[in-house]
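S.K.:
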Amino acid sequence: MRSLIGALAALVLLAEPALAQEAARRYGDFPVIGSRAAVWVAAQLHLFFAAFVLGVPMFAVVAEVIGIKSGEERFDKLAKEFTRLLLVSYSATAVWGAVLVFALVTLYPGVWTYLAEIFDVSMWVYVGIFFFESATLYLYYYGWDLWKEGRAKWFHWGLGILLNLWGTTVMFIANSWLTYMMSPPAEVTPDTAPGMVQFWSAFANATWMPINIHRLIANVVFGGAIVGAYAAYRFLMAETDEERAHYDWMGYIGNFVAISALIVLPFAGYWLGREIYEFNQQMGITMMGGFMSWLWIVQAFLIGVLFLTGNYYLWVGMGRIPGAERFQPYTKYMLVVLVLGVIVWATPHSMIASRDEISAMGGQFHPFLGVLGVMSAKNTAVNLMILTTFLSFLLYRRANKEPVVGWAGRGTMVQGALFGIAALVVLFYGVYGYFVPAIVRIGFSVYQVLAVLSTIVAVVVLDVLMLRGATSRGEIRWGQMPPRSQYALFILAVTFTWLMGLMGFARSGIRQHWHVFEVMRDTSVDAATPALGYASVVISVCVLIFLGMVAFIFWVGGLAEKPIITKAARGEGPHAALQPAGGD
Amino acid sequence: MLLQNLKIVLVVLGTLGLYTWVANAIPQVESEVPAQLSFGADVTPEELVSAGGQLFAGAGACVTCHGLEDRAPALLSDYGGAGPIGQRCADRVEGMDCKEYLYASLADPYSYLVEPFGPIMPDQRINLSEDQLWSLVAYLQDQGGEVTVTGADLQSTQASSAGGAASQGGGGAATAAASGPSSDATEATAVMQANLCFGCHKLGDQGVVLGPPFDGIGSRRDAAYLRNSILNPNAEVPEGYQEVAGLMPPNFGQMLTAGQLETIVQFLASQR
Amino acid sequence: MRFLDTPFRQALAVLVVAYVLIDFGIPYIPPLFGVDSAPVPNTVVLQYLLTVLAGLLLWVSDNDERWTEFKRPIQEVLVRPDKRVGRAVLLVAVPVLVAFVTWGRVKPEVTAPPSFRSIHPAPPRSITFQGETMQLAGLENPLRSEGSLEAHNEVGKRVYYQNCLPCHGDALDGLGHYAHGFNPAPLNFQDVGTIAQLTESFVFWRVAKGGPGLPREGTPWNSAMPAWENLLTADEIWSVILFLYEQTGNDPRTWEEAGAEEGEH
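Residue numbers (my numbering), protein chains in the order written: chain A, 1 to 584; chain B, 1001 to 1272; chain C, 2001 to 2265.
1) Kindly indicate if chain B contains any beta-carbon less than 8 Å away from that of P2095 (chain C).
2) Take V1009 (chain B) as the anchor and find which of A:R511, A:R521, A:I491 has the nearest alpha-carbon.
3) Alpha carbon to alpha carbon, what distance is there between S1270 (chain B) and S1219 (chain B)?
4) Along the chain, where does the beta strand (DSSP E) containing Q2135 (chain C) start, and where does it finish?
5) Quick one: list the residues of chain B neighbouring T2133 (chain C), beta-carbon separation under 7 Å, in chain order.
6) Cβ of G1199 (chain B) within 8 Å of Cβ of A2224 (chain C)?
7) Tell me the rounded alpha-carbon separation between R2009 (chain C) and F2003 (chain C).
8) Would A1023 (chain B) count as contacting chain A if we go by Cβ distances under 8 Å?
9) For D2173 (chain C), which residues from the same chain have a beta carbon less than 6 Å from its beta carbon, with the 5 sequence-adjacent residues on both sides left out?
10) Quick one: residues in its chain with C-beta nearer than 7 Å to the C-beta of P185 (chain A), no 5 flanking neighbours on either side, listed in chain order?
11) How about W2103 (chain C): is its C-beta nearer than 8 Å to some C-beta of chain A?
12) Suppose the cutoff is 7 Å on Cβ atoms and the five residues either side in sequence are ignored; what does the same chain contact list for L338 (chain A) look like?
13) Using DSSP with H/G/I as helix, E/B as strand and the rest coil, what is R521 (chain A)?
14) Evaluate the contact criterion for the segment 2060–2069 of chain C versus the segment 2023–2031 of chain C: three or more CB pairs, one atom per stretch, below 8 Å.
15) Please report the residue range of the alpha helix (DSSP H) in which H513 (chain A) lies.
16) On the premise that I321 (chain A) lies in contact with A399 (chain A), defined as a C-beta separation below 8 Å, what is that separation, rounded to the nearest angstrom?
17) Is Y2048 (chain C) close to chain A? Criterion is C-beta to C-beta, closer than 8 Å.
18) Taking just the CA atoms, how far does V1093 (chain B) sit from F301 (chain A)?
19) Can the beta-carbon of A92 (chain A) be found less than 8 Å from the beta-carbon of M500 (chain A)?
20) Bridge partners for I2127 (chain C) per DSSP, in chain order?
21) Does Q1271 (chain B) come out as helix, strand or coil in the three-state DSSP assignment?
22) Please state whether DSSP places K1202 (chain B) in a helix, a strand or coil.
23) Is F30 (chain A) near L107 (chain A), with beta carbons less than 8 Å apart?
24) Which value, in whole angstroms, describes the spacing of the CA atoms of Q1155 (chain B) and L1055 (chain B)?
25) Consult DSSP for L8 (chain A) and reduce its assignment to one of helix, strand or coil.
26) Across which residues does DSSP place E402 (chain A) in a beta bridge pair?
27) Here's a check: name, in chain order, each residue in its chain whose Cβ is nearer than 6 Å to the Cβ of G1144 (chain B), leaving out the five neighbours to either side.
28) Compare the C-beta of S2266 (chain C) against all C-beta atoms of chain A and say whether one is closer than 8 Å.
29) Using the beta-carbon of each residue, which ones in chain C are nearer than 7 Å to S1077 (chain B)?
30) Looking at the unbroken alpha helix (DSSP H) that takes in H2168 (chain C), where does it start and where does it end?
31) Please compile the residues from chain B whose C-beta is within a distance smaller than 7 Å of the C-beta of V449 (chain A).
32) Kindly list the residues whose CB is nearer than 7 Å to the CB of W1956 (chain C), restricted to its own chain and excluding five residues on each side of it in sequence; keep chain order.
33) Tell me the rounded alpha-carbon separation between L2046 (chain C) and V105 (chain A).
34) If the criterion is Cβ atoms closer than 8 Å, does the pair F517 (chain A) and M123 (chain A) meet it?
35) Taking the alpha-carbon positions, what's the L1102 (chain B) to L1128 (chain B) distance?
36) The alpha helix (DSSP H) spanning L2068 (chain C) covers which residue range?
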C-alpha cells in the first residue's frame, strides 16, 4: 500500500525531470515539531510495526512445525495466536508506511525524487511482493482450520514459510534504499544524475547485507519481546486459570526467543560496524569516537537493565516449578555476579566529578576505578553476564527434571567444569589484557566470546543427552506466577523497543548533514544532527505511541476473538515447555 | 482492572522516563553543519582567512585528522622540517604554486597523498562550497606564508563547477591587494594563544573567565596598567578576583619578547 | 545475628555495607598497591548504590515468601496502630531528608559544578617534534642507553624545577602552587594510575604537545599544560621524563608488555 503510493508519487514527479531538479532544493515545513521530527517519528513507528510484523512469522512457523512434529496442540494454538497478532498489526504497518511516504513526499520532495529515480523498478517490485505477502497472510490465517490434517497441514505450513520469504524480501528491498543513503557506491558523486546511477551497485551497496542480517535478527528479538509483553498483559487481565496458564507460557516463550536471539545480535552489529569503517573511516570515527561516543554509555545502561530483568524473570519463574527450590539458593550468587558485572560494565573511564574531587583524585582518573573503565574490564563483565544468564536458563530447564542416565552425575560435573573453564578463560584474558598492547587486547575479546559460545553449545548438547527420558518432579504450574514477573516482561519490551530506536538514531545520525552521504547534502534548517538528549525524547515519544497503538490494536483484535483456549492448555507433557519455539 | 492498567502504564512511563533522563544527563553534543559561505568579488584576504580558520577548527572537521598527526600531516605546525603549510605548500609539487597546490589537494586528496599517510580524506568539494574551499586555502596560506587568494579565484572555479550558482555580480577585476595579513590583531591573538592567556582570560568567544576578561578592557585600563599587570601580575588584584590572586605566572617578563609584549598591550588597550 | 533475620533488615544491611565499601572501602584499595588513596566521586557512588539497590529489589522479590516478608515491616509501620510513633517519625523524616538533599543540591556554592569530559585520548602513532617526525610506537627513552643516568637525572631535575614545579609540585604530586586553579588538575606523578601506566613515549607526547596538542576526541576540556616543544629540547624532555620515573620510583611501561592506550589526567 505505502509503496503503491510511493510509486505513484514517483511517477508523477518523474514525468517532469526539470521540476525534479528544482525540487531538489525544496523542503516542506511541518508545524511545531519540524520536518525532521515528523519524518523521524513516522519512520520509527513504521519500523517498529514492520519489525514486529517480520519477526513474529518467523517463530510462528517454528511453533507450528513443533506442533506438527510433537502433536501437541498448544503449539499450534500459539502459532495461530501469533498470526492473529500479525494480522492486526499488518495494517498499522501499512498505515505508518503511508504516513512516512506522504511525509517524505511533502517535506523532503527533493530527496524522495532522487531516490525514486534510482530505485523506481525496485519500488514497483516491492509493491507487487506486498500484494503477495498480504494474500499469503490471509490464506495462512484464515486457512488455519481448513487445512488442519495430514498433507494439508504441511501445505499450510508451507504458506507460513512463503510468508516469511515475502516478508524478508520486502525488507531487503526497503533496506537497500536506506543503506544507499548511508553508503552510496564510490562512483556516485554529487554531480551524478540519479538516472545514471547503476541500479545494482546502488542496490547492493556496502552496508546492505550487514543491515539485512542485523535487522533480521533484531526483528526476532523485538517480536519476542512484544509477544512477551502482550502475553504479560493478557496474563494480568486474565479471569480464568486456563487463560493465565496459557499466557504465562506464551510470555515465557516470547522472552526465551528474545533473549536467545539477543545473544547473537552483537556479532551482526560487529560486522555492520566493520563495514561502516571500511566504507568510510570518517563515518566510523564519528560513530565510535566522535560526537556519538556518549551514545554507547546509554546503550551500556540499557543492556545492564536487559540482563538484570531477563534473569529476574527466570528466577521468579522458578517459583512455579516443582524441584526448583533446589536451585533457588544459588540465584543470589548469580545476582551478585550480575550486579558486579553491571557495576563494572557501566563504570565510566573518566568520572564526572567536582573540582574538589578531581584534585583529591589527582585527575579525572580514579586510581582504582579507572582500571575498571577500560575495554578489558567491560568485555570481561559482559561475557560473565552472558554466562550467568545462560546458567539461569539451564537451571530453569533442569528445575523439575531428574536425569536417569547413568552418567548424569559426571555429566553435571563436566558441565560445571565447562562453566568454570569459560569463566576462567574470560577472567584470564580480561586481566591479561592490562599487560598487552591495545592491538593484542582487541584480539582477546574474540577468545573470550569464543570461550563463552563454545561452552554454551557444549553444555546444551550435554544437557539434551543427559535429560533423555528424565523423570519429572512434577509439572510446571503454569499460571502460578506473581504479577511482578509480568512487569519485568513489560520492562523488557520497553527496553528493547527503546534500544531499537536508539540504535536507529545511531545508524541514521552518522550520515550527519547528508541525505545521501557525501552525495546529496541536507540544506534544510534541520541539517544538524541533534544531541542525544533531544533524540531520547523523540525515541521515548515514538515508543509511547507505538505501545499505545499496539495496546489499542490488540484490544480491538481481542474483541472479536473466539475463545482461543478451549481446555486447559497447561502441562501436556513434562518437558514440552522447555523446547520452545525457535529454541533448540 | 483499571488499577492494573494504571500500574502497567506507570511501569512503562517510568522506564521511558528513566532512559530519557539518563540520555539527558550525559554531555550533549550536536554535530555541526558547515556554514554556507558566500563572498563577493571584493572579498578581502582577512575575511577569507578568518572564515577558513573557523572552518578548519570547526565544521570542516579538519582537526579530526590534521593536528593529531597519526592520520594526516600537521598543517598549522611544522611537518617534516619544512615549516607550517603556508611555508611548504609551494614546494610540494613541481610546477604548482602554493594556491594551486592547496586547492588541488583539497579537491582531489588521493592524488596528493603525503607519505606515509593513507587515503582517508574525502574530496572536500563534496562537503564544502567553492567559497569555503578558497577560504580554507587562504587560511592555510596564512600559516607562515602569504595569502594570494582573491575574489577572482572564487569566481573562476565557480564558473567552471557544474552546478555553480550564478556568478555574483562584478567580474574579473578583483583586487584585495593586501598582502600583509598578519595585522597586529592577529599577531597579538597568536601570541596570546601561544602563551595560554585564554586559559584564564576571555576575549570574544575564546577563553574562559577565571581572571578578568579582556572584552572591552581598553575602556577600563590604559596601556601602562596593562603592561604592568602582565609583567607583575600580583601587584594589583582587581575587585572580585582575590580568590585567583597569585595564579597568573609572574614570569611573562622572561617569556615574552619586548615586541610581543608591546603587541599584546596595544591590542588589549584597543579593546573598547 | 538476630537482627538480620528478616529480608528487609538484610537488604538494609547489604545496602549500608555496600555504601561503606564503596565510599570508604574503595579508597583503601590503591594503598594496597602502593598508590595514594583517592575518594570515589559522588556521581559514581550514587551510580553504584543505585545498581546495588536494583539488585536488592530483585533479590527480595524473586521469591514470593521473601517478598511478603520484605514488605511486612513496611506495611506494619504504615498501618498498625501500635507503630504510630514510628510512622510519625517516618512521615517527618522522609520529607525532611528529601528537603535536605534538595537544599544541598541547589544551595549556592563557590565550587564549579562537576564537569563532563569525553573519552581519554588515544596517542598518535607518530608526531612531529620540532620539525622531525617521531614514531611513538615502540619508542624508548634514548637517554636510558647512552651516557650516565645520573647526569641525565640531574638535567631532568633542573628542567623540572625550572618549568614543571609551579603546577606539578615539589613532591611531584600535582599539588604545585598554581595547581588548585586548574581544571583538569595537573597530573600527580606519584599516582600509580598516571605515568606508571604509560610508556615514556606517551609521556613525551603529552609533554611535547601539552593541552593544545590534545586530539579533538579529548574535548571538551581545557588543559592548561603548555606545549613544551616550543621551549625545551628533545633531550631536556627525555631527561625530565627520566627524572619523573626516578624520583617517583615508578617504572615506565615497556613496549613488550604494555599498551600506551590509556590517557592522561
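All residues carry an ideal CB built from backbone N, CA and C; glycine is no exception. Every value quoted in this text rests on a predicted model; they were computed, and no experiment measured them.
M.R.: In terms of the structure at hand:
1) no
2) A:I491
3) 8 Å
4) 2132–2135
5) G1080
6) yes
7) 7 Å
8) yes
9) N2188, Q2190
10) S201, A202, N205
11) no
12) F307, L308, N311, M385, T388
13) strand
14) no
15) Run containing H513 (chain A): none; DSSP gives neither H nor E here.
16) 4 Å
17) yes
18) 52 Å
19) no
20) C:M2134
21) coil
22) coil
23) yes
24) 20 Å
25) Residue placement at L8 (chain A) is flagged as unreliable, the pLDDT there being 39, under the threshold of 50; a coordinate-derived value is accordingly withheld.
26) A:T471
27) G1083, P1084, G1086, Q1087
28) In the structure as shown, chain C starts at 2001 and stops at 2265, and residue 2266 (chain C) therefore has no counterpart that could be examined.
29) T2128
30) 2165–2168
31) Chain B residues near V449 (chain A): none, gap ~27 Å exceeds 7 Å.
32) Residue 1956 (chain C) lies beyond the residue range present for chain C, which begins at 2001 and ends at 2265; the question has no answer from this structure.
33) 48 Å
34) no
35) 14 Å
36) It should be noted that the sequence gives Thr, not Leu, for residue 2068 (chain C). First-last of the alpha helix (DSSP H) with T2068 (chain C): 2064–2079.
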